[in-house]
Amino acid sequence: MERRTVPGRLTWQLGEVVATQAETARTKSIRLSLPTRMGHRAGQHVDVRLTAQDGYQAERSYSIASPPEEEPRVTLTVERLDDGEVSPYLTGELRVGDKLELRGPIGGYFVWEAQMGGPLLLVAGGSGIVPLMAMLRHRTAVGSTVATRLLYSSRSSEDVIYRDELDRLVKSSTMLEIVHTLTRVQPPGWTGYHRRIDTDMLREVAWPLDQHPLAFICGPTPFVETAATGLVTLGHEPARIKTERFGPTGEA
Amino acid sequence: MENKLDGNAAAGILQAIFPFEMTLVQATCAGCGTTNAIGATAAYMHGMGTIVRCPVCDTALIRVAQTKGRYWLDMRGVRVLQISTEA
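From first to last, the protein sequence lines are chains A and B.
Reading the first sequence from the start, the letters are residues 211 to 462 in this note's numbering.
Reading the second sequence from the start, the letters are residues 6 to 92 in this note's numbering.
This is the structure we're talking about:
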């Protein structure tokens, strides 16, 4: 494995918005061009800082959705929180050509790179899909065939972020399976899961223990705790379960 | 109001202070003696700052606040901090 240099203290840099795309009614992807490569790995995040005219600053963390292979461009996918200070601006006001202050990459703990192998179990709740999508895109970009399963919990099929791309990835990739659970509203004829993630569902979807799977779980705190506890209950090695709790940071 | 997240959320401000990959740093809790990666701890973010807590016993490992031109770092809950210089 490539030896990495110590990252050093983080500093703020200015990215320019080169594209935006609505993913669902509540989420938007923002593609940024950076002045220099940040050198991120799949699963890492950045802090975004907004400064008001009176000097008031607000910072929030957002996962990087794009794979390292696309740098110096990075994509953030942001969920709008109606009472938030930052996300309504990012999802509603930000335009192509605007500049955004960010620092990163942050977090070497919740990271997957193809050479870490698998089999890989990704468990996403809502917008917790974002860092896991960076892992799936990285896997595709490097032509990895690591056996991968994604268990993705959404409220309805309209709330599935990256739905079309995930459908395409399943068709074009080898050794990739995606299992959706739709917890509130299911389309007519839906035969998949329609409840919140629980230990029984994890037992059905997770890889056999003797394959020593590697698991990444990202979602709201209660979701992450349910999924992580469930995997440990089933006998998965705690050291091979990585979690990232997704949620509002700071006071709204 | 506090939002329970994990040490990954606190990594930005910690890595602004320390020149290391902070989510991989191992912290030994002064309360219960267990050792966890910062990325596996619990973090609470609120207006006053960020508190990183032991996932086992809830001891406040690190409190960090930022005021104009100054960081405030209270680390009395950490017995030992192990920092790998090779990420």
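We put the beta carbon where it would ideally sit given N, CA and C, even for glycine.
If you count every other CB in all the chains shown that lies within 10 Å of the CB of residue i, and 16 or more means buried, which is it?
i: A/A235; result: exposed
i: B/D11; result: buried
i: A/Y266; result: exposed
i: B/H51; result: exposed
i: A/K452; result: buried
i: A/V228; result: exposed
i: A/V340; result: buried
Among the candidates the options, whose CA atom is the shortest distance from the CA of residue i?
i: A/R394; options: A/L331, A/P245, A/R365; result: A/R365
i: A/E257; options: B/S89, B/A16, B/C59; result: Note that residue 257 of chain A is Asp in the sequence shown, not Glu. It is B/A16.
i: A/E390; options: A/H250, A/L376, A/S382, A/P278; result: Note that residue 390 of chain A corresponds to His in the displayed sequence, not to Glu. That would be A/L376, whose Cα lies nearest to the Cα of A/H390.
i: A/L220; options: A/K238, A/H250, A/S382; result: A/H250
i: A/L379; options: A/A344, A/L444, A/I427, A/R450; result: A/A344
i: A/T237; options: A/A416, A/S337, A/T401; result: A/S337
i: A/H422; options: A/P430, A/V434, A/V442, A/E435; result: A/V442
i: B/L19; options: B/T90, B/I56, B/K73; result: B/I56
i: A/P430; options: A/I407, A/T301, A/Q223; result: A/I407
i: A/R349; options: A/P278, A/L224, A/L392, A/P432; result: A/P278
i: A/S276; options: A/P448, A/R347, A/D293, A/G328; result: A/R347
Could one say the Cβ of residue i lies closer than 7 Å to chain B's Cβ atoms, at least one of them?
i: A/F426; result: no
i: A/I316; result: yes
i: A/E454; result: yes
i: A/A360; result: The sequence shown places Leu at residue 360 of chain A, not Ala. No, because no Cβ of chain B sits closer than 7 Å to the Cβ of A/L360.
i: A/T230; result: no
i: A/M211; result: Unreliable positioning characterises A/M211 in this predicted model, as indicated by a pLDDT of 43, which lies under 50. The coordinate reading is nonetheless provided below. It does not; no Cβ of chain B falls within 7 Å.
i: A/F433; result: no
i: A/S273; result: no
i: A/Y319; result: yes
i: A/D292; result: no
Taking 7 Å as the threshold (beta carbon to beta carbon), is residue i in contact with chain A?
i: B/P60; result: no
i: B/T28; result: yes
i: B/G74; result: no
i: B/A65; result: no
i: B/G38; result: no
i: B/V69; result: no
i: B/N13; result: yes
i: B/L10; result: yes
Excluding the five sequence neighbours on either side, which residues of its own chain have a C-beta within less than 8 Å of the C-beta of residue i, listed in chain order?
i: B/G54; result: R68, V69, A70, Q71, W77
By Cβ distance below 6 Å, which residues in the same chain neighbour residue i in space, the five residues on each side in sequence not counted?
i: A/M385; result: T355, A357
i: A/E454; result: F320, C428
i: B/G82; result: A35, T64, A65, L66
i: A/Q396; result: H404
Is there at least one Cβ from chain C nearer than 7 Å to residue i's Cβ?
i: B/G54; result: Absent from the structure: chain C. Protein chains present are A and B.
I think residue i touches residue j, with their Cβ atoms under 8 Å apart; what is that distance to the nearest whole Å?
i: A/L424; j: A/M326; result: 7 Å
i: B/T40; j: B/T33; result: 5 Å
i: B/I43; j: B/V61; result: Going by Cβ atoms, the distance from B/I43 to B/V61 rounds to 14 Å, so no, they are not a contact pair.
i: A/I476; j: A/L304; result: For chain A, the structure presents residues 211 to 462; residue 476 of chain A sits outside this window and is missing.
i: A/L244; j: A/Q223; result: 6 Å
In chain order, what residues of the same chain have a beta carbon less than 7 Å from the beta carbon of residue i, not counting five sequence neighbours either side?
i: A/E212; result: Interpretation of A/E212 is limited by its pLDDT of 46, a score under 50 that renders its predicted location unreliable; the figure taken from the coordinates is listed afterwards. There are no such residues.
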